[in-house]
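Shown next, in C-alpha cells, is the structure this report addresses.
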Amino acid sequence: MTQLILDRRNVLRTGGAALFLALSGGMLRAANSAGRPLPEGDAYAPWSLWSDPSIRNTPMALVAAGVIAANPHDTQPWLFAVTEDSIEIYADTSRHLGAMDPYIREMHLGLGCAIENMLTAAGPNGYVAELEVAPGSLVDLTERSRPILAARLRLTRIAGAAPDPRYAAIPARHTNRYAYDLARDPPQDWREFTRALGADGEIKIFLFDAASPQRQLFDESVVEATEAIIADKPMIADSDRWFRASSREIDAHRDGPTLDAAGLSTFTLIFAHLFSVSPETAQRAWLDQTRNVQLATAPVAGLIAVRDRYDRPSAIEAGRIWQRLHLDATLRGIALQPLNQPIEMIDRERQTGAGSAWARRVAGLTGEDWQATFAFRAGYSPTKASASPRRRLGDVVRS
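Residue numbers 15 to 413, in this note's numbering, belong to the letters of the sequence shown in order.
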C-alpha cells in the first residue's frame, strides 16, 4: 500500500493518482493535482463535487460519491483511506448515535449506502471495484475509541468508462419526508424490481399496501416505537443532539437533521425558523408528522430483512440494497423515507435487557426466518425533497 507523505508544498498525496489533501487555512482539504483545494464550498457543495473535473477518473471521485449517500441521522459515520488502487472504508465510531444505535447496526447500514454509491461510481470513472467486507457480529464489536475497518474496495483500471444509469441519480437522491399522494401507487414494475433486490436468499424485501392488515400493524409499530423513543430519555437525547436548527449550526457541523429537510409545511417551517422551539415541542411535532403525514399519506411501506440483523456483512449489504433501491426510485420519480423506529427499539430493548417484545412484534410482519433491519415508506410526493449537509472530503479522508 502506498504511504502518505507530506511534501514541501504541504500536500498529502497518494501513489501516482491525482489524489491530494492540502493544508489550507489550517484545515485539511481535498485538493487537485496542483495542490489547490477543491471547490467544496458550503455544507451543501459536496452534492456537486462528486462530478468535479478535478477528481474525475480518480479514486477520490468514488469517495465524493460515497459521502452523499444515505446514512442514519446524517451522522456521516465514515472515514476513507485512499490509494491509487484501493479505498478502505472505516466506521467512524466517534459519530456513534449512542442509545439510538447501541450495536452500531445503523452505522453499518450507512456504510453500506456509501459503498453502494462508490461501486455505482466506479465504472463511469474507469474502474472495476472488488468489494471485501469485514466479517463478524455487531454484538461483539464493542470498540468505540477508534475507527474500525468495515470494508475495502480494490480498484482495477479499465479502458474507457462503464456507464451505469444509477450514476446520474447519485446527486438527485434525497430523503423525502413530505406528504405523499396516497391515491397514486408506485407501478408494478417498481414493486417487481424492489422484490428482486432481495431474491438471493440472504435479503428479503416485504411491501405493505395501505389497505392491507399487515400495513396497519406496520403503522402501529412505527407510531408506538416513536412514542417509546420520545419517552426514553437517553434515546431521545442521543437523537436530539444531532439536530441542527440554524444555518450557523449547519455551517459549523455540516451534518445532522435540519428543519429544511424535515418535511414541514411552509407555515410551520417559517415559524420554526423565526422562533425557538423547545425539545418537547419538537418531539411532539415529530410524532404528529410521523403519524398524521408520513404514514397517513404513504401508499406503500416496506421492510428490508436479513437472516441476522447483527451480522456485519448483512448490515452492510442491507445498506447497499437501500441505496440501490433509492437510486432506482429517484430515476423513477418515486419518493422514499426510512421509518426505522421499531427496529431501533429492538436494539434498545436488547441493550437494556428489557426482553424481546419489539423483536416479536416486528417478526409478526416478516416471519421467524427473517429479521427486519430497515423500515421505509414509498410513494409520489408533490414536494421536492431538500438536500442534507455534508462534511468536506478533507474531514473524511484519513491521513
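Built from N, CA and C at the ideal position, the CB exists for glycine as well.
Anyone know if the C-beta pair for A377 and W384 falls short of 9 Å?
Counting from 1 along the sequence shown, the entry for residue 377 is found at position 363. Counting from 1 along the sequence shown, the entry for residue 384 is found at position 370. Contact: yes.
Nearest-angstrom Cα distance between I284 and G277?
The residue given as residue 284 occupies position 270 in the sequence shown. The residue given as residue 277 occupies position 263 in the sequence shown. Straight-line Cα distance between these residues: approximately 12 Å.
From the DSSP output, which residues share a beta bridge with N385?
In the sequence shown, residue 385 corresponds to position 371, counting from 1. Looking at the sequence itself, residue 385 is Gln, so the reference to Asn does not match. According to DSSP, which records beta bridges pairwise, Q385 is partnered with V320.
A332 vs F232 beta-carbon contact at 9 Å:
For the purposes of this step, residue 332 is identified with residue 318 of the sequence shown, where counting begins at 1. For the purposes of this step, residue 232 is identified with residue 218 of the sequence shown, where counting begins at 1. The answer is no: Cβ separation not under 9 Å.
Kindly identify the DSSP beta-bridge partner or partners of L273.
For the purposes of this step, residue 273 is taken as the residue at position 259 of the sequence shown. Answer is none; L273 lacks a bridge partner.
If we ignore side chains and look at the alpha-carbon of each, how far apart do I101 and R205 end up?
Position 87 of the sequence shown, counted from the first residue, corresponds to residue 101. Position 191 of the sequence shown, counted from the first residue, corresponds to residue 205. Distance between the alpha carbons of I101 and R205: 34 Å.
Within 10 angstroms of its Cβ, does P403 collect 16 or more other Cβ (buried), or is it exposed?
One-based indexing of the sequence shown puts residue 403 at position 389. Result: buried.
Quick one: what's got a C-beta closer than 7 Å to A310's C-beta in the same chain, skipping five residues either side?
Position 296 of the sequence shown holds residue 310. None.
Could you check what DSSP says for S62 in three-state terms: helix, strand or coil?
Translated into the one-based positions of the sequence shown, residue 62 becomes position 48. Three-state DSSP puts S62 in a helix.
So, with DSSP's three-state summary, where would you put L155?
The sequence position of residue 155 within the sequence shown is 141, counting from 1. L155 falls in the coil class under three-state DSSP.
Thinking A349 and S395 are a contact (beta carbons under 8 Å), I'd like their distance in whole angstroms, please.
Residue 349 sits at position 335 when you count from the first residue of the sequence shown. Residue 395 sits at position 381 when you count from the first residue of the sequence shown. Confirmed, Cβ separation roughly 4 Å.
Would the beta-carbon of A193 fall within 9 Å of that of Q308?
By one-based count along the sequence shown, residue 193 stands at place 179. By one-based count along the sequence shown, residue 308 stands at place 294. Taking 9 Å as the Cβ cut-off, A193 and Q308 qualify as a contacting pair.
Which value, in whole angstroms, describes the spacing of the CA atoms of D88 and D203?
Your numbering for residue 88 matches position 74 in the sequence shown. Your numbering for residue 203 matches position 189 in the sequence shown. Cα-Cα distance, rounded: 30 Å.
For Q337 and A135, what's the separation of their Cα atoms in angstroms?
Taking the sequence shown and counting its residues from 1, the one referred to as residue 337 is at position 323. Taking the sequence shown and counting its residues from 1, the one referred to as residue 135 is at position 121. Spanning the two alpha carbons is a distance of roughly 13 Å.
On the DSSP letters alone, give me the boundaries of the beta strand (DSSP E) that L167 sits inside.
As a position in the sequence shown, residue 167 is number 153, starting the count at 1. Element bounds for L167: 162-171.
May I ask you to report which of helix, strand or coil DSSP gives L42?
On the sequence shown, position 28 is the one that residue 42 refers to. Residue placement at L42 is flagged as unreliable, the pLDDT there being 47, under the threshold of 50; a coordinate-derived value is accordingly withheld.
CA nearest to the CA of A78, picked from I69, P86, P248:
Residue mapping note: residue 78 aligns to position 64 of the sequence shown, counting from 1. Among I69, P86, P248, the Cα nearest to that of A78 is on I69.
Bridge partners for G393 per DSSP, in chain order?
For the purposes of this step, residue 393 is taken as the residue at position 379 of the sequence shown. Residue pairing by DSSP puts G393 in a beta bridge opposite A349.
Is DSSP giving Y117 helix, strand or coil here?
Position 103 of the sequence shown, counting from 1, holds the residue named residue 117. In the structure shown, Y117 sits in coil (DSSP, three-state: anything other than H, G, I, E or B).
In angstroms, rounded to a whole number, what distance separates the CA positions of L37 and S413?
Residue 37 sits at position 23 when you count from the first residue of the sequence shown. Residue 413 sits at position 399 when you count from the first residue of the sequence shown. At L37, the pLDDT of 43 sits below 50, so the modelled position is not reliable; the number obtained from the coordinates is stated separately. Each residue's alpha carbon lies about 12 Å from the other.
Assign E98 to one of three DSSP states: helix, strand, or coil.
Against the sequence shown, residue 98 aligns to sequence position 84. Correct three-state label for E98: coil.
Is it buried or exposed, V320, if we count other Cβ atoms within 10 angstroms and call 16 or more buried?
One-based indexing of the sequence shown puts residue 320 at position 306. V320 comes out buried.
Give a yes or no on whether the C-beta atoms belonging to D325 and L111 are separated by under 9 Å.
Here the question's residue 325 lines up with position 311 in the sequence shown. Here the question's residue 111 lines up with position 97 in the sequence shown. Against a cut-off of 9 Å, the Cβ pair of L111 and D325 comes out as no contact.
Boundaries of the alpha helix (DSSP H) in which E216 is found, first to last residue
For the purposes of this step, residue 216 is taken as residue 202 along the sequence shown, with counting starting at 1. In the DSSP assignment, E216 falls outside any alpha helix (DSSP H), carrying neither H nor E.
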